[in-house]
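There are 2 protein chains.
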Amino acid sequence: MANRPVLDFWYEFASTYSCLSALRIEELADKAGVAIRWRPFLLGAIFAAQGNGKAPFSLSANKARYLWRDVTRSAARDGYAIVMPEGFPQNALSAARVAMAGREAGWLPAFSKALFRAQFCEGRNIAEEAVLTAALREAGTDPSVALAAARNGDVKARLKAETELANSLGMFGAPTFVTEDGELFWGNDRLEEALAWARDGR
Amino acid sequence: MANRPVLDFWYEFASTYSCLSALRIEELADKAGVAIRWRPFLLGAIFAAQGNGKAPFSLSANKARYLWRDVTRSAARDGYAIVMPEGFPQNALSAARVAMAGREAGWLPAFSKALFRAQFCEGRNIAEEAVLTAALREAGTDPSVALAAARNGDVKARLKAETELANSLGMFGAPTFVTEDGELFWGNDRLEEALAWARDGR
Numbered sequence: 211m212a213n214r215p216v217l218d219f220w221y222e223f224a225s226t227y228s229c230l231s232a233l234r235i236e237e238l239a240d241k242a243g244v245a246i247r248w249r250p251f252l253l254g255a256i257f258a259a260q261g262n263g264k265a266p267f268s269l270s271a272n273k274a275r276y277l278w279r280d281v282t283r284s285a286a287r288d289g290y291a292i293v294m295p296e297g298f299p300q301n302a303l304s305a306a307r308v309a310m311a312g313r314e315a316g317w318l319p320a321f322s323k324a325l326f327r328a329q330f331c332e333g334r335n336i337a338e339e340a341v342l343t344a345a346l347r348e349a350g351t352d353p354s355v356a357l358a359a360a361r362n363g364d365v366k367a368r369l370k371a372e373t374e375l376a377n378s379l380g381m382f383g384a385p386t387f388v389t390e391d392g393e394l395f396w397g398n399d400r401l402e403e404a405l406a407w408a409r410d411g412r
Numbered sequence: 211m212a213n214r215p216v217l218d219f220w221y222e223f224a225s226t227y228s229c230l231s232a233l234r235i236e237e238l239a240d241k242a243g244v245a246i247r248w249r250p251f252l253l254g255a256i257f258a259a260q261g262n263g264k265a266p267f268s269l270s271a272n273k274a275r276y277l278w279r280d281v282t283r284s285a286a287r288d289g290y291a292i293v294m295p296e297g298f299p300q301n302a303l304s305a306a307r308v309a310m311a312g313r314e315a316g317w318l319p320a321f322s323k324a325l326f327r328a329q330f331c332e333g334r335n336i337a338e339e340a341v342l343t344a345a346l347r348e349a350g351t352d353p354s355v356a357l358a359a360a361r362n363g364d365v366k367a368r369l370k371a372e373t374e375l376a377n378s379l380g381m382f383g384a385p386t387f388v389t390e391d392g393e394l395f396w397g398n399d400r401l402e403e404a405l406a407w408a409r410d411g412r
């Protein structure tokens, strides 16, 4: 375990392609012998920092239509059905705060996957505390403790620092995978390539 | 031959990812038993028609840097080195006019590949007539005949009609692959999936 190479998995809770990766990364990483560090961040803040950087879905009606189709095909290949959630993109700030508060906790991956499933398999709104609570419970942790930690003022500063780090590392979208030697891979369809790089290097 | 399913390969001469596909599509299509219809078009006209649709490379400095890195990695996997051409993106109007004039000619694939290699492997400027001439010669056709055909007024109308068709089919980027049943696949990294769909259907 200790000697496994580490791959950083930067993800945004409102992102469909982040969902696709979250629901398959653990099995692939295990096979590749790579440890995953889950790093929730706020992609909207990156878009804002980059001025004219915009969410891919907002660029044109043709692109938005295609991306939903592509996500649907990818999920079907992975054995599940994606549903359009209530409102898209959703407000993922509360989700990111909870996740950031629990960054070092063992429940972060399970919580993240539960929340992605709630949003993109069941069409729930992850801005609602009831949805966050259910995901925390599903991940085996005490929701009231985690939600209180998320309200801690320190979490806001930590999220901001992560966003700035993501920007300085060269990110502009999610998911992004970053190897220990600083190689970036953007998008769910680069996950296999990122794992191979993490394991074997260039 | 006659019964092979057909996959439309829509490409833009100034597009790096179109180059990656052009240089590998024939071998993959042969293996899949799929016939490729080469369809050059003007992506810039699509971006213009879609108002806020912008070239991916222009969205943010981080994204531009990443895309070059990603293209470089992809080309290396295919066994060649991509070079940044003189100016990017280049003016591909003349190239598209020549290609459109030769749409029904047997030399279109060879010409297109030669032009992509000139631009992205040798760093040449495809707006120059000398570069077009060399690519036509490499493709085994008479450059003066092809260049004269490209200046025919009819070509402009045909290019415009193709752009409008591309837009109405749902396109927003290049390369795009379209199956006979109307399924769209965007990007060099969807080529294998597009060929499988063309061959097997959904």
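Chains as they are written, first to last, in the numbering used here: chain A, 211 to 412; chain B, 211 to 412.
Yeah, the Cβ is synthetic: ideal placement off N, Cα and C, and Gly gets one too.
Give a yes or no on whether the minimum CB-CB distance between residue i and chain A is below 8 angstroms.
i                      : result
residue 270 of chain B : yes
residue 394 of chain B : yes
residue 381 of chain B : yes
Give a yes or no on whether the minimum CB-CB distance between residue i and chain B is below 8 angstroms.
i                      : result
residue 221 of chain A : no
residue 276 of chain A : yes
residue 399 of chain A : yes
residue 273 of chain A : yes
residue 300 of chain A : no
residue 329 of chain A : no
What are the residues that DSSP puts in a beta bridge with residue i?
i                      : result
residue 216 of chain B : B:245
residue 395 of chain B : B:387
residue 455 of chain A : The first residue shown for chain A is 211 and the last is 412, placing residue 455 of chain A beyond what the model contains.
If contacts are defined as beta-carbon pairs under 8 angstroms, then residue i and residue j qualify, I think. What distance do you get, rounded to the angstrom?
i                      : j                      : result
residue 390 of chain A : residue 266 of chain A : Not confirmed; about 28 angstroms, so no contact.
residue 253 of chain B : residue 222 of chain B : 4 angstroms
residue 345 of chain A : residue 328 of chain A : 6 angstroms
residue 382 of chain A : residue 256 of chain A : 6 angstroms
residue 405 of chain A : residue 244 of chain A : 5 angstroms
residue 238 of chain A : residue 402 of chain A : 7 angstroms
residue 385 of chain B : residue 227 of chain B : 6 angstroms
residue 259 of chain B : residue 377 of chain B : 5 angstroms
Might you give, ordered along the chain, the residues of its own chain that have their beta carbon closer than 8 angstroms to the beta carbon of residue i, omitting 5 neighbours on each side?
i                      : result
residue 310 of chain B : 250, 360, 365, 368, 369, 372
residue 175 of chain B : Absent from the model: residue 175 of chain B. The displayed extent of chain B is 211 to 412, so no value can be given.
residue 358 of chain B : none
residue 242 of chain B : 405, 406, 408, 409
residue 290 of chain A : 233, 331
residue 288 of chain B : 230, 233, 234
Cutting at 6 angstroms between CB atoms, please list the residues of its own chain near residue i, excluding the five before and the five after it.
i                      : result
residue 380 of chain B : 394
residue 428 of chain B : Residue 428 of chain B falls outside the range modelled here, since chain B spans only 211 to 412, and no answer is possible.
residue 407 of chain B : 389, 393
residue 375 of chain A : none
residue 285 of chain A : 292
residue 218 of chain A : 247, 249, 388
residue 353 of chain A : 343, 346, 347
residue 230 of chain A : 284, 398
residue 299 of chain A : 224
residue 362 of chain A : none
In chain order, what residues of the same chain have a beta carbon less than 7 angstroms from the beta carbon of residue i, not counting five sequence neighbours either side?
i                      : result
residue 305 of chain B : 223, 325, 336, 342
residue 302 of chain A : 222, 223, 224, 336
residue 356 of chain B : 308, 311, 312, 346
residue 349 of chain B : 317, 320, 321, 324
residue 213 of chain B : none
Any beta carbon from chain D within less than 8 angstroms of residue i's own beta carbon?
i                      : result
residue 282 of chain A : Here the protein chains are A and B, and chain D is not one of them.
Query - At least 3 beta-carbon pairs within less than 8 angstroms: the region 319 to 333 of chain A vs the region 271 to 280 of chain A - result: no
Query raised in the report: Does the count of Cβ pairs from the region 224 to 241 of chain B and the region 388 to 403 of chain B closer than 8 angstroms reach three?
Result: yes
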